[in-house]
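Engineer: I have a structure here, written as C-alpha cells, and I will follow up with some questions on it.
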DNA sequence: GTCTATATAATGATAGAC
DNA sequence: GTCTATCATTATATAGAC
C-alpha cells in the first residue's frame, strides 16, 4: 500500500534519522553525508542553504507527516472518542512505538530553537486547540477540554521522552495502551 | 536560609544554565567562558578534562540537586500521599516553575547520550522505583504502583517539555497544580 | 587562578572537474 | 548529480607569562 518513495523522500528520511538521534548541532555534515551515502558537496546540491535549509525542510516534512499520520484523525466525521483513539494510534505510528524521537521536539531545543521556536510553538498551540475541539464535542466545557488536551499531549510527549531516558520503548507503549483505554472506555 | 554558595558552586550554576539552554553540543567553550566571566584557559584550570568533564560534574550535581529538592521527600516517614505532593512541589522548585529544563534530560540527548545514557537510564529506573514504593505503601498493588509512577514522571517531564515547545511555562504550572490536587485529594 | 596567545582538529561551506 | 580537493571559520585544547 505504501506509495513508492521518491529519491528526495528517501534522502529526507535518511537525514531525519540523523537529526532525530543527534539533535541539530550534533548532526554534522560528515554524519549526514555518511547516512545518505553522498559526499558533502552533493548534499549542498540538494540543499544549497546547508544545514539550516535541511532543518527547515525536515521540520516542514515532520509536521506534514504528523498531520497525515496523527492529527488528521481529529477532524474526521467520526465519533469524538474514536477520533481521539485514532489520533493516539497515529502518533504511536509516527513515534515508531517509542523507538524514535519527534523531530519537531528535537528542533525546539538548542540553537535551532532560535530559528524555529516560535513556529513550533504556534504549531503546538494549533494542535492543542485541535484536540481540545474534539473534547468539547465529546461534551466537555471549553476550559476543561483545553486542559484535557494539554494533558494528553503531555502524556504522549512525556512518555516518549521517558522511554528515551529509561532506554526502554515499552514506557511509551504502555502509555499509549493506557491512554487508548481511557478514551475508548465509556 | 540559603547557605552561601562556594565559588565552585556559583561556577557550576553558571555552567549549568548554558548546558540547560543549549544542550551539550550547543554549549561552546566561548559561551561557557562568557557565562562565567572567565577565559577559556581558566575553565580548563577548573575542569582539566574540558567539556566532557564539565558535563560529568554537572550531571552529578543535577542528580544531587534533584535528590535534595524533590526525590528526598519520597523516603520520609510522612503519609504516602503527602510524600508524593512534597515530591511534586520539590520538582516544581527544581524546574523553576517550568522556566527551565532538567539537565539530566538534556544530557540524555545528542552525543552526550553515548557517554551518560546508561547511567541516566539507571537513575530514572531508581527514581521510578522510589515513587512506586510510595504508591504501594498507599495501598496500590505493585504492578499498578509501577505504572502510576511511570505516569507521574511522564506527566512532569512531558508538561515541562511541552512548556518549552509551547513557549509557555504555565503549561507546566497547571500540570503541577492538577497533579498536586489529584494526589492530595484522598 | 587568570590571562594572552597559539596550536590542533573539526565543522560548515565552495570551486571546479567529470 | 556526484566527486575530490580545498577554504574559511569555529571548536576544543594547551603553553607559558603573570
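Residue numbers (our numbering), protein chains in the order written: chain A, 346 to 531; chain B, 346 to 531.
Quick reminder that beta carbons are idealized off the backbone N, C-alpha and C, glycines included.
Note that this is a predicted model, so its numbers are computed, not measured.
Find the nearest neighbour of residue 452 of chain A within the set A/463, A/478 and A/444, judged by alpha-carbon distance.
Structural biologist: Counting from 1 along the first chain, the entry for residue 452 of chain A is found at position 107. Of the candidates A/463, A/478 and A/444, the one whose C-alpha sits nearest the C-alpha of residue 452 of chain A is A/463.
Engineer: Are three or more beta carbon pairs between the segment 400-407 of chain A and the segment 397-417 of chain B nearer than 8 Å?
Structural biologist: no
Engineer: Check each residue of the segment 506-524 of chain B: if its Cβ is closer than 8 Å to any Cβ of chain A, include it; give the result in chain order.
Structural biologist: 506, 507, 509, 510, 511, 512, 513, 516, 519, 520 and 523
Engineer: For residue 375 of chain B, I'd like the list of residues in its chain whose CB is within less than 8 Å of its CB, leaving aside the five on either flank, ordered along the chain.
Structural biologist: Counting from one through the second chain, the residue named residue 375 of chain B turns up at place 30. If we look at residue 375 of chain B and ignore the five residues flanking it on each side, its Cβ neighbours are 385.
Engineer: Determine, for residue 429 of chain B, whether the minimum Cβ-Cβ distance to residues of chain A falls below 9 Å.
Structural biologist: Here residue 429 of chain B is taken as the residue at index 84 of the second chain, counted from 1. No, residue 429 of chain B lies away from the interface with chain A (no Cβ there is under 9 Å from its Cβ).
Engineer: Grab the span of the alpha helix (DSSP H) containing residue 499 of chain B for me, first residue to last.
Structural biologist: Taking the second chain and counting its residues from 1, the one referred to as residue 499 of chain B is at position 154. Here the alpha helix (DSSP H) through residue 499 of chain B covers 487-510.
Engineer: Are the beta-carbon atoms of residue 507 of chain A and residue 369 of chain B separated by less than 9 Å?
Structural biologist: In the first chain, residue 507 of chain A corresponds to position 162, counting from 1. In the second chain, residue 369 of chain B corresponds to position 24, counting from 1. Not closer than 9 Å, so no.
Engineer: Are residue 469 of chain B and residue 383 of chain A closer than 9 Å when you measure CB to CB?
Structural biologist: The residue labelled residue 469 of chain B in the question sits at position 124 within the second chain. The residue labelled residue 383 of chain A in the question sits at position 38 within the first chain. Cβ atoms of residue 469 of chain B and residue 383 of chain A: not closer than 9 Å.
Engineer: Are residue 610 of chain A and residue 457 of chain A close, meaning C-beta to C-beta below 9 Å?
Structural biologist: Because chain A here runs from 346 to 531, residue 610 of chain A falls outside it and cannot be looked at.
Engineer: Would you kindly report the start and end of the unbroken alpha helix (DSSP H) that includes residue 468 of chain B?
Structural biologist: Counting from 1 along the second chain, the entry for residue 468 of chain B is found at position 123. Start and end: 457-482.
Engineer: Answer with yes or no whether the minimum CB distance from residue 492 of chain A to chain B is below 9 Å.
Structural biologist: Locating residue 492 of chain A in the first chain gives position 147, where the first residue counts as 1. Closer than 9 Å: yes.
Engineer: Would you tell me roughly how many angstroms separate the C-alpha atoms of residue 387 of chain B and residue 418 of chain A, rounded to the nearest one?
Structural biologist: The count along the second chain starts at 1 and reaches residue 387 of chain B at position 42. The count along the first chain starts at 1 and reaches residue 418 of chain A at position 73. Spanning the two alpha carbons is a distance of roughly 56 Å.
Engineer: Residue 500 of chain A CB to nearest chain B CB: under 9 Å?
Structural biologist: Walking along the first chain from the start, residue 500 of chain A turns up at place 155. Cβ-Cβ to chain B under 9 Å: yes for residue 500 of chain A.
Engineer: Measure the Cβ-Cβ separation of residue 450 of chain A and residue 476 of chain A and say whether it is below 9 Å.
Structural biologist: What you label residue 450 of chain A is simply residue 105 of the first chain in a count that begins at 1. What you label residue 476 of chain A is simply residue 131 of the first chain in a count that begins at 1. No, Cβ-Cβ distance for residue 450 of chain A and residue 476 of chain A is not below 9 Å.
Engineer: Out of curiosity, what's the CA-to-CA distance linking residue 422 of chain A and residue 416 of chain A?
Structural biologist: As a working note, residue 422 of chain A is residue 77 in the first chain. As a working note, residue 416 of chain A is residue 71 in the first chain. Their Cα atoms are separated by approximately 14 Å.
Engineer: Taking Cβ positions only, does residue 451 of chain B come closer than 9 Å to chain A?
Structural biologist: To locate residue 451 of chain B, count along the second chain from 1; it is residue 106. So, interface residue.
Engineer: Would you call the CB atoms of residue 513 of chain A and residue 466 of chain B closer than 9 Å?
Structural biologist: Mapped onto the first chain, residue 513 of chain A falls at position 168. Mapped onto the second chain, residue 466 of chain B falls at position 121. Taking 9 Å as the Cβ cut-off, residue 513 of chain A and residue 466 of chain B qualify as a contacting pair.
Engineer: At a CB-CB cut-off below 9 Å, which residues of chain B make contact with residue 434 of chain A?
Structural biologist: Within the first chain, numbered from 1, the residue matching residue 434 of chain A stands at position 89. Neighbours of residue 434 of chain A on chain B: none; closest Cβ ~18 Å, over 9 Å.
Engineer: Would you mind telling me which residues of chain B sit closer than 7 Å to residue 538 of chain A, beta carbon to beta carbon, in chain order?
Structural biologist: This structure gives no information on residue 538 of chain A, because the portion of chain A shown stretches from 346 to 531.
Engineer: Cα separation between residue 442 of chain A and residue 398 of chain A?
Structural biologist: Taking the first residue of the first chain as position 1, residue 442 of chain A is located at position 97. Taking the first residue of the first chain as position 1, residue 398 of chain A is located at position 53. Rounded to whole angstroms, residue 442 of chain A to residue 398 of chain A spans 29 Å at the Cα level.
Engineer: Exposed or buried, which one is residue 615 of chain A when buried takes at least 16 other CB atoms within 10 Å?
Structural biologist: With chain A running from 346 to 531 in the structure shown, residue 615 of chain A is simply not present.
Engineer: So for residue 372 of chain A, helix, strand or coil by DSSP?
Structural biologist: Translated into the one-based positions of the first chain, residue 372 of chain A becomes position 27. In the structure shown, residue 372 of chain A sits in coil (DSSP, three-state: anything other than H, G, I, E or B).
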